[in-house]
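At position 298 of the sequence shown (counting the first as 1) the number is 481 in the numbering used here, and the numbers step up by one without a gap. Below is one structure; the comments refer to it alone.
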Amino acid sequence: MEFSQHSANISSSSSPLSSPPVPFWWQPSQQAHFNGFWFPGSDNLRRTLKVVDSFKPQSRDVILASFPKTGTTWLKSLLYSITHSSSLDSLNHNHPHLLVPSLELLVFATNPAGPAAPSDETGGTRIFNTHIPYQVLSGNLNSSDCKVVYVTRNPKDTVISLFHYVKKSKTFEEAPWTVEEAADQFCKGVVPYGPYYEHVLGYRKESLENPQKVFFVTYEELKGDPIAHVKRLAEFLGCPVGEEAAEEIVRRCSFGELSNAAVNKSGDMFTWLGLPNNSFFRKGEVGDYANFLSPETIRRIDDLTVDKFHKAGFMYGI
Ligand code: PAP
C-alpha cells in the first residue's frame with residue numbers, strides 16, 4: 184500500500200489535510216498520511232498497514248477502537264474486568280495497556296506474525312485495542328464475527344487531554360506548542376489518527392448500521408451512569424453481569440483506583456515517548472477544557488461539532 188510522509192517544513196496550500204501549514208505536534212518532524220488520515224510517523228503507519236494486511240480477528244475477539252485520549256485506558260480496564268473475573272489483582276499489577284495491547288503499537292510491533300492464538304484460559308476471548316480509523320480497518324473487522332467497542336469523548340476535552348499528554352513527552356521539548364496552536368491543528372484534522380471527526384463518524388455510522396457488531400459509547404455517558412453502561416457492555420459481549428458485579432467492576436476501574444494502582448507508581452509505558460505509566464491518568468473529568476481554551480476556540484470547535492455530529496444525531500449539549 185502506498186503512503187506519503189510529510190516533513191515538518193511542508194508549506195500551506197489548498198487542503199489542510201494534504202498540506203499541514205506548520206510543523207506537526209506530537210512528533211515534531213514527521214507524520215504520515217494515508218487514506219485521508221494522519222498517523223504518528225512512518226513506522227507507525229508501516230505497522231498499521233501490517234495490521235491491515237495481516238490481522239484476522241477471531242469470532243470471539245473484542246476490538247476496542249478509539250481516537251487517542253477519549254477513554255481508552257478506562258475502557259481497557261472495564262472490558263478486561265468484564266471478561267476476566269479475577270481482574271482485581273491483575274489491574275493492580277499490570278498496566279491496562281499491557282492487559283489489552285494495541286494492535287499497531289504493541290502486538291504487530293513486537294511480533295510481525297501477529298497475536299498468539301486464543302487460549303482456553305480466557306474462554307477463547309482476546310481483547311485488543313486500536314486507534315486505526317474504521318475507514319482503514321473495516322475489512323479486517325468485518326472479516327469475522329468479532330465484536331467492536333468504540334469509545335469517544337467530546338472534542339474539547341479530547342484535545343486538552345492530548346495536549347497535556349504530549350506535553351509530558353520528550354518530543355515536546357523539541358517542539359513546544361501552545362494549547363491554542365494544538366487546538367488549531369486539531370480543528371484542521373492534523374492530529375495523530377485525525378481528523379478526529381471523521382474517525383468518530385466512521386465507527387458511529389457502523390454502530391448504527393450494525394449495532395450487534397459495534398457498541399458505541401461516549402466518555403460522558405460512561406461518567407454519567409457507569410454501572411448501567413457496564414451492564415450494557417457485558418450484555419453486548421455475551422457475558423451479562425448483575426448489579427453487584429457491575430458496581431464492583433466500576434469501582435475497581437475508577438480513576439482513583441487505577442491511578443493509585445501499584446503498577447502506576449513507577450515505570451515507563453511507551454519508552455520512545457519517554458512517558459511514565461501514570462501519564463494515562465491526569466484528571467479524568469468532563470469539562471476541563473474550560474480551564475484552557477479561549478471562548479473563540481470553544482466556539483470554533485462547537486461549530487464543527489454541530490456541523491459534524493449534531494447533524495448526524497449525536498453528542499448534543501457538549
Ligand atoms: P490513550 O489514547 O493514550 O490510551 P486515553 O486512555 O484514551 O489515552 O485517555 C486518557 C484520558 O482518560 C485522560 O483524561 P484527562 O487528560 O482529561 O484527565 C485520563 O485521565 C482519563 N482516564 C484514564 N483512566 C480513567 C478512568 N478510570 N476513569 C476516567 N477517566 C480516566
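The C-beta atom is built at its ideal place from N, Cα and C for all residues, glycine as well. Here the structure is a predicted model, which means the values were calculated and not measured.
Quiz item: Taking the DSSP output, what are the residues bridged to L247?
Solution: As a first step, residue 247 must be located in the sequence shown, where it is residue number 64. DSSP lists N312, V332 as partners of L247.
Exercise. Measure the Cβ-Cβ separation of V362 and F346 and say whether it is below 8 Å.
Key: For the purposes of this step, residue 362 is taken as residue 179 along the sequence shown, with counting starting at 1. For the purposes of this step, residue 346 is taken as residue 163 along the sequence shown, with counting starting at 1. Yes, the Cβ-Cβ distance between V362 and F346 is below 8 Å.
Quiz item: In three-state terms, what does DSSP make of F399?
Solution: For this step, residue 399 is matched to residue 216 along the sequence shown. It is a strand residue.
Quiz item: Just to confirm, does W360 get its C-beta within under 7 Å of one of the non-hydrogen atoms of the ligand ATP?
Solution: No copy of the ligand ATP occurs in the structure displayed; its ligands are the ligand PAP alone.
Practice problem: Output yes or no for whether 8 Å exceeds the beta carbon distance between T341 and T253. | Solution: Position 158 of the sequence shown, counted from the first residue, corresponds to residue 341. Position 70 of the sequence shown, counted from the first residue, corresponds to residue 253. Closer than 8 Å, so yes.
Practice problem: Output the boundary residues of the beta strand (DSSP E) element that contains F222. | Solution: Along the sequence shown, read from residue 1 onward, the residue named residue 222 stands at position 39. F222 -> beta strand (DSSP E) spans 220–222.
Quiz item: Quick one: what's got a C-beta closer than 7 Å to A296's C-beta in the same chain, skipping five residues either side?
Solution: Along the sequence shown, one-based indexing puts residue 296 at 113. Excluding positions up to five away in sequence, the list is empty.
Quiz item: Would you say the beta carbon of K252 comes nearer than 7 Å to a heavy atom of the ligand PAP?
Solution: Working through the sequence shown from its first residue, we reach residue 252 at position 69. Yes, the beta carbon of K252 sits closer than 7 Å to at least one heavy atom of the ligand PAP.
Practice problem: Measure from the alpha carbon of H267 to the alpha carbon of each residue in H314, A428, I484, then state which is nearest. | Solution: The count along the sequence shown starts at 1 and reaches residue 267 at position 84. Ranking the options by Cα distance to H267, first place goes to A428.
Quiz item: Does the distance from the C-beta atom of L289 to that of Y263 stay below 8 Å?
Solution: Walking along the sequence shown from the start, residue 289 turns up at place 106. Walking along the sequence shown from the start, residue 263 turns up at place 80. Not closer than 8 Å, so no.
Quiz item: What's the gap between the Cα of D236 and the Cα of E479?
Solution: Taking the sequence shown and counting its residues from 1, the one referred to as residue 236 is at position 53. Taking the sequence shown and counting its residues from 1, the one referred to as residue 479 is at position 296. Using only the alpha carbons, I get a separation of about 43 Å.
Quiz item: Mapping DSSP to helix, strand and coil, what is P394?
Solution: The residue you call residue 394 lines up with position 211 of the sequence shown. Coil at P394, not helix or strand.
Quiz item: Starting from W360 and walking both ways along the alpha helix (DSSP H), at which residues does that stretch end?
Solution: Within the sequence shown, numbered from 1, the residue matching residue 360 stands at position 177. Looking at the DSSP string, W360 is not in any alpha helix (DSSP H), and its letter there is neither H nor E.
Quiz item: Name the DSSP bridge partner or partners of P459?
Solution: Stepping through the sequence shown from its first residue, residue 459 is reached at position 276. BP columns for P459 point to D451.
Quiz prompt | Nearest neighbour of D226, chosen from N218, Q214, G219, F220 [CA to CA] | solution = On the sequence shown, residue 226 is found 43 positions in, with the first residue counted as 1. With distances taken between Cα atoms, D226 lies closest to Q214.
Quiz item: Helix or strand or just coil, what does DSSP make of S285?
Solution: The sequence position of residue 285 within the sequence shown is 102, counting from 1. In this structure, S285 counts as strand in the three-state DSSP scheme.
Exercise. Check each candidate in Y402, E426, P459 and name the one with the smallest Cα separation from S249.
Key: Within the sequence shown, residue 249 is the residue found at index 66, counting from 1. Among Y402, E426, P459, the Cα nearest to that of S249 belongs to Y402.
Quiz item: Is Y263 near the ligand PAP, judged by its Cβ being under 7 Å from some heavy atom?
Solution: Translated into positions along the sequence shown, residue 263 becomes position 80. Because no heavy atom of the ligand PAP lies under 7 Å away, the Cβ of Y263 does not count as near it: no.
Practice problem: State the DSSP-derived secondary structure class of T253, mapped to helix, strand or coil. | Solution: The residue given as residue 253 occupies position 70 in the sequence shown. Coil, per DSSP.
Practice problem: For P204, count neighbouring Cβ atoms within 10 angstroms of its own Cβ and tell me buried if that reaches 16, exposed if not. | Solution: What you label residue 204 is simply residue 21 of the sequence shown in a count that begins at 1. Residue placement at P204 is poorly supported in this model, since its pLDDT is 43, which falls under 50; the coordinates still yield a value, given next. P204 is exposed by the Cβ-count criterion.
Self-check item: Closest residue to H382 among F492, P316, L476 (Cα-Cα distance)
Solution: What you label residue 382 is simply residue 199 of the sequence shown in a count that begins at 1. It is P316 whose Cα lies nearest to the Cα of H382.
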